[in-house]
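Visitor: First the structure, which I've put down as structure tokens, then a few questions once you've had a look.
Encoded structure:
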């Protein structure tokens, strides 16, 4: 998704672009995502600024003529964060207060107001916060339609093509990539390789510590519209997203899709690229989803899938030029927010590539902000 | 974890599962035989429900004596306590823990149960492949195997005037069964050219019993005066609320419908099938190597996951006789594994497996769907029955959105994301998209109520590296 | 709609009811028939038959309308395709080809997702 957005904004900025993908479109983390465009889970800071920029760009894309919004199932459905206990609610409303000062729309909800937004929510919750800006797209369609648009602006798509090395001139400047299907010469290379972003950086001799953080999603049978109306999650989700722990964390995240099924996330664990299916993780997801929406107990899960979020140690993506390898740009490490942050990232990369003033200060996203070696990281 | 009463769990009580369970029980292994049907036999030996009181069930069967022997041996082992037969339970997940396996089941009423075992034999069988054509979603259009299953199990027919169509060795017994049970057979439409059997004459001649069986069916068709059209295909089914007629056409040498050979045949039932596909989900979730046509096994029917065997259609479609041979071989291998003795595979079973696999491959080579069937699928024809995805949407994903593999087509169209999880539409979508079939990972072998999943006891934290 | 059991039929009566022919073929002696309701209408059923078999016997081959409005009934007959989903005793999305009919079952045909209990 991030690569697709970079290609879209770069080609719209007039750059001749080649989009190289080792698998198919949306074949990586994108195809295993939920398609969240969120501000609700982000504390004030550079990531929230990127999220606000991205949301605006998603809105603009969705409104473009040609039906892009409908094609990618864009829904400005809003998010609802609920607190189980009064103490959680206090923490949640303090968090929302800070977000509000940073420009996020928030609406504090008393316990009695929750049912107006979500009639099937469990009784007895302490209250919550409504985030009307939170939105959703169908991630694979979003990536595919961004690629389709990019191709209309001249982007050349090469799927099933793996980068094997990064070409550099004697002075160290990047001048293209070598792939298993031939060389591609270009004065700039953008690393949007997601969970493989660290490997691609290594090909250019630079370190970018992107790691996989595994997540499972449970998918229910199709349900009638409006059983679950918002993206609904419990307040502990924010803490889990920001956590550094390798151990399994699950916080219930429940949302419906245009197609009918309800998606239930979100687990996080650092287990490398282990694709072993873990029944116990899905069991906890089911348990916690039913705690939020008791009616889901009557509903069947028809499948579950897993994916790997590309995560960097400080939970911020790497966006912009890499001073260690002139001509190399990074756009990866968005963890579980890559769909949401893709448009802003694409725009910032296009601006960096064309020398335009970026919409945001790229300093917090500097790719060389990490220690040069694994040892230095400890 | 190890319970002396269920050392081997066999999933599926069809020919392969029964042969394996009987072999293991004969060698004093405690067997738990778990099966989704109310009665043993699988699809091939499916019995009328006991309460229907059939006094002559063999009228809908062949190889009855083989079945009677299997049933009697099963009854004896059950009575002796060596086999615990658990019908009416669907295994939805098999977990590999540090010491042994946990099998999680659901009854038809979604009641969960859990069984432990030291070894697992997957004899999960197969289901029917149906390639899409305009009208194939009309009520009254059923799979050939489905018509047979409903007839054998429930003693019912979907209508009075049937067309049986498609390709494969299943069509003959289905047609004769429907005719014997009182349906009028308007036509049997087979895509294969019987002359193709000539290319496999030696392989086929090695199985005189099978040829006699086929000849027997052909004779019964003659008796019922069923018109048989080979090198023909159904190009469309017609009707609004149910099927009222089909259009069939002759196939040319390239496997395309020949222009001006179309004719309409009135019917209220179309039983259609293009071969069988194995159930490989439990094996896949266990981490066994699978490909779209089978769970991959070695000469002893072992998968590449220690403690897990596969036999019968799940290990490659080949019919009941092959399933019996594979089940016996797998059973003996399990015995050796659990007792520490050397496996004693009877050479006759191994020889018969080799010959039957060759025979199955020959049948498969003869009974191929028309090469260009996908061209007859109009853009407005549904290819994914669960998610109402049309052939046009699949083609759009390929031509406009750049999808080149089945998974991407699924992500971009939802074909295969619905209730059946692509079991039915997989081959059809792949054909229309022009991409190869793919092994689909389905962690749950059937839908699981979230309430069941939530209270699924977790005996230990298995394989949480 | 009304079906006699084969053993209730006087001897030597010619077979005229198509749905009895399979029962006669295997010389079935089913137990006495019982009644279920399908969308409120009484339908005869035999013990041992699936809900789908009961509906086929009654001449019904379509009992579900998909989300895009098309009729469906049993297709694979063995629990794989989920085309035959039906509501039995208020539980939606049961596979008619697998669920055994029981006396007094309240069976309802389905539209769309089947979860009328959740629709607003």
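Residue numbers (our numbering), protein chains in the order written: chain A, 1 to 378; chain B, 379 to 843; chain C, 844 to 963.
Heads up, the beta-carbon is just placed ideally off N, CA and C, and yes, glycines get one too.
Should residue 932(C) be flagged as near chain A, meaning a C-beta pair shorter than 8 angstroms?
Guide: Reading the third chain from its first residue, position 89 is the one you call residue 932(C). False, the Cβ-Cβ gap to chain A never drops below 8 angstroms.
Visitor: Name, going along the chain, the residues of the region 882 to 906 of chain C whose beta-carbon falls closer than 7 angstroms to a beta-carbon of chain B.
Guide: Correct list: 889, 890, 891, 892, 893, 895, 896, 899, 900, 904, 905.
Visitor: Looking at the C-beta of residue 943(C), does it have a partner C-beta in chain A at a distance below 8 angstroms?
Guide: Against the third chain, residue 943(C) aligns to sequence position 100. It does not: the Cβ of residue 943(C) has no partner Cβ on chain A nearer than 8 angstroms.
Visitor: Closer than 6 angstroms by C-beta to residue 625(B): which residues in its own chain qualify, once you throw out the five before and the five after it? Chain order, please.
Guide: Here residue 625(B) refers to the residue found at position 247 when the second chain is read from its first residue. Counting only Cβ-Cβ distances below 6 angstroms, and skipping sequence neighbours, we find 613, 614, 640, 642.
Visitor: Residue 232(A) versus chain C: which residues are under 7 angstroms apart at the beta carbon?
Guide: In the first chain, counting from the first residue as 1, residue 232(A) sits at position 232. Within chain C, no residue comes near residue 232(A); the closest Cβ sits about 15 angstroms away, beyond 7 angstroms.
Visitor: To the nearest angstrom, how far is the alpha carbon of residue 857(C) from that of residue 863(C)?
Guide: Numbered from its first residue, the third chain carries residue 857(C) at position 14. Numbered from its first residue, the third chain carries residue 863(C) at position 20. Residue confidence for residue 857(C) is low, a pLDDT of 38 falling below 50, so the modelled location carries little weight and cannot support an answer.
Visitor: If we ignore side chains and look at the alpha-carbon of each, how far apart do residue 535(B) and residue 950(C) end up?
Guide: The residue labelled residue 535(B) in the question sits at position 157 within the second chain. The residue labelled residue 950(C) in the question sits at position 107 within the third chain. Roughly 20 angstroms between the two C-alpha positions.
Visitor: Within a Cβ cutoff of 6 angstroms, which residues of the same chain sit near residue 853(C), ignoring the five residues on either side of it in sequence?
Guide: If you number the third chain from 1, residue 853(C) lands on position 10. Its pLDDT being 35, under 50, residue 853(C) is placed unreliably by the model, and nothing is read from it.
Visitor: What's the call for residue 334(A), buried or exposed, on a 16-neighbour Cβ count within 10 Å?
Guide: If you number the first chain from 1, residue 334(A) lands on position 334. Residue 334(A) comes out buried.
Visitor: In this structure, does DSSP put residue 921(C) in helix, strand or coil?
Guide: Reading the third chain from its first residue, position 78 is the one you call residue 921(C). DSSP places residue 921(C) in coil when its eight states are reduced to three.
Visitor: Using only the alpha-carbon positions, how far apart do residue 32(A) and residue 564(B) sit?
Guide: Your numbering for residue 32(A) matches position 32 in the first chain. Your numbering for residue 564(B) matches position 186 in the second chain. About 48 angstroms.
Visitor: Cα separation between residue 378(A) and residue 312(A)?
Guide: If you number the first chain from 1, residue 378(A) lands on position 378. If you number the first chain from 1, residue 312(A) lands on position 312. Any reading at residue 378(A) must be qualified, since the residue scores a pLDDT of 43, below 50, and its modelled position is unreliable; the value itself is stated next. Using only the alpha carbons, I get a separation of about 14 angstroms.
Visitor: Quick check: is the beta carbon of residue 877(C) nearer than 8 angstroms to any beta carbon in chain B?
Guide: Start at 1 with the first residue of the third chain, and residue 877(C) comes out as number 34. Answer no: the Cβ-Cβ gap between residue 877(C) and chain B never drops below 8 angstroms.
Visitor: Going by beta-carbon coordinates alone, are residue 438(B) and residue 869(C) separated by less than 8 angstroms?
Guide: For the purposes of this step, residue 438(B) is taken as the residue at position 60 of the second chain. For the purposes of this step, residue 869(C) is taken as the residue at position 26 of the third chain. The answer is yes: Cβ separation under 8 angstroms.
Visitor: When you compare each of 946(C), 958(C), 954(C), 957(C) to residue 877(C) by their alpha carbons, which one comes out closest?
Guide: The sequence position of residue 877(C) within the third chain is 34, counting from 1. Nearest option by C-alpha distance: 946(C).
Visitor: Using a C-beta cutoff of 8 angstroms, does residue 755(B) count as contacting chain C?
Guide: By one-based count along the second chain, residue 755(B) stands at place 377. It does not: the Cβ of residue 755(B) has no partner Cβ on chain C nearer than 8 angstroms.
Visitor: What number of angstroms, rounded off, separates the C-alpha of residue 109(A) from the C-alpha of residue 753(B)?
Guide: For the purposes of this step, residue 109(A) is taken as the residue at position 109 of the first chain. For the purposes of this step, residue 753(B) is taken as the residue at position 375 of the second chain. Looking at the two C-alpha atoms, the distance is approximately 56 angstroms.
Visitor: Run down chain B in chain order and give the residues with a C-beta less than 7 angstroms from the C-beta of residue 911(C).
Guide: In the third chain, residue 911(C) corresponds to position 68, counting from 1. Within chain B, the residues near residue 911(C) are 766.
Visitor: List the endpoints of the continuous beta strand (DSSP E) containing residue 410(B).
Guide: As a working note, residue 410(B) is residue 32 in the second chain. 409 to 412 is the span of the beta strand (DSSP E), which, as asked, contains residue 410(B).
Visitor: For residue 917(C) versus residue 926(C), is the C-beta distance shorter than 8 angstroms?
Guide: As a first step, residue 917(C) is located in the third chain; it is residue number 74 there, counting from the start. As a first step, residue 926(C) is located in the third chain; it is residue number 83 there, counting from the start. Yes.
Visitor: Using 8 angstroms as the limit for Cβ to Cβ distance, is residue 947(C) near chain A?
Guide: Mapped onto the third chain, residue 947(C) falls at position 104. Answer no: the Cβ-Cβ gap between residue 947(C) and chain A never drops below 8 angstroms.
Visitor: Rounding to the nearest angstrom, what Cα-Cα distance links residue 366(B) and residue 99(A) in this structure?
Guide: The structure shown has nothing for residue 366(B), since chain B only spans 379 to 843.
Visitor: What residues in the region 412 to 423 of chain B bring their beta carbon closer than 8 angstroms to a beta carbon of chain C?
Guide: The residues in question are 414, 416, 421.
Visitor: With DSSP collapsed to three states, give me the class of residue 228(A).
Guide: By one-based count along the first chain, residue 228(A) stands at place 228. DSSP places residue 228(A) in coil when its eight states are reduced to three.
Visitor: Return the residues of the region 304 to 322 of chain A that lie within a Cβ-Cβ distance of less than 7 angstroms from chain B, sorted by chain order.
Guide: Residues passing the 7 angstroms Cβ filter: 304.
Visitor: Please state whether DSSP places residue 711(B) in a helix, a strand or coil.
Guide: For the purposes of this step, residue 711(B) is identified with residue 333 of the second chain, where counting begins at 1. Three-state DSSP puts residue 711(B) in a helix.
Visitor: If you check the beta carbons only, do residue 713(B) and residue 693(B) fall under 8 angstroms apart?
Guide: Within the second chain, the letter at position 335 stands for residue 713(B). Within the second chain, the letter at position 315 stands for residue 693(B). Their beta carbons are not under 8 angstroms apart, which means residue 713(B) does not touch residue 693(B) by this criterion.
Visitor: How big is the Cα-Cα spacing for residue 2(A) and residue 470(B)?
Guide: In the first chain, the residue the question calls residue 2(A) occupies position 2. In the second chain, the residue the question calls residue 470(B) occupies position 92. Taking the straight line joining both Cα atoms gives about 36 angstroms.
Visitor: Just to make sure I have the definition right: I need the residues of chain B whose C-beta is within less than 8 angstroms of the C-beta of residue 31(A). Which are they?
Guide: Sequence index remark: in the first chain, residue 31(A) carries index 31 (1-based). Neighbours of residue 31(A) on chain B, chain order: 785, 786, 789.
Visitor: Measure the C-alpha to C-alpha separation of residue 135(A) and residue 44(A) and round it to an integer number of angstroms.
Guide: In the first chain, the residue the question calls residue 135(A) occupies position 135. In the first chain, the residue the question calls residue 44(A) occupies position 44. When rounded, the distance between both Cα atoms is 18 angstroms.
Visitor: Any beta carbon from chain A within less than 8 angstroms of residue 475(B)'s own beta carbon?
Guide: Within the second chain, residue 475(B) is the residue found at index 97, counting from 1. No, residue 475(B) lies away from the interface with chain A (no Cβ there is under 8 angstroms from its Cβ).
Visitor: List the residues of chain F that residue 939(C) touches, going by C-beta distances under 9 angstroms, in chain order.
Guide: Of the protein chains in this structure, namely A, B and C, none is chain F.
Visitor: Could you tell me the alpha carbon to alpha carbon distance between residue 303(A) and residue 143(A), rounded to whole angstroms?
Guide: Your numbering for residue 303(A) matches position 303 in the first chain. Your numbering for residue 143(A) matches position 143 in the first chain. Those two C-alpha atoms are separated by around 23 angstroms.
Visitor: So the beta strand (DSSP E) residue 521(B) belongs to, where does it begin and stop?
Guide: Here the question's residue 521(B) lines up with position 143 in the second chain. Element bounds for residue 521(B): 519 to 521.
Visitor: In the structure shown, what three-state DSSP assignment does residue 627(B) receive?
Guide: Here residue 627(B) refers to the residue found at position 249 when the second chain is read from its first residue. Three-state DSSP puts residue 627(B) in a strand.
Visitor: 8 angstroms is my cut-off, CB to CB: does residue 376(A) come that close to chain B?
Guide: Within the first chain, numbered from 1, the residue matching residue 376(A) stands at position 376. Any answer about residue 376(A) is weak, because its pLDDT of 48 lies below 50 and its placement is not dependable; what the coordinates show is given next. No, because no Cβ of chain B sits closer than 8 angstroms to the Cβ of residue 376(A).
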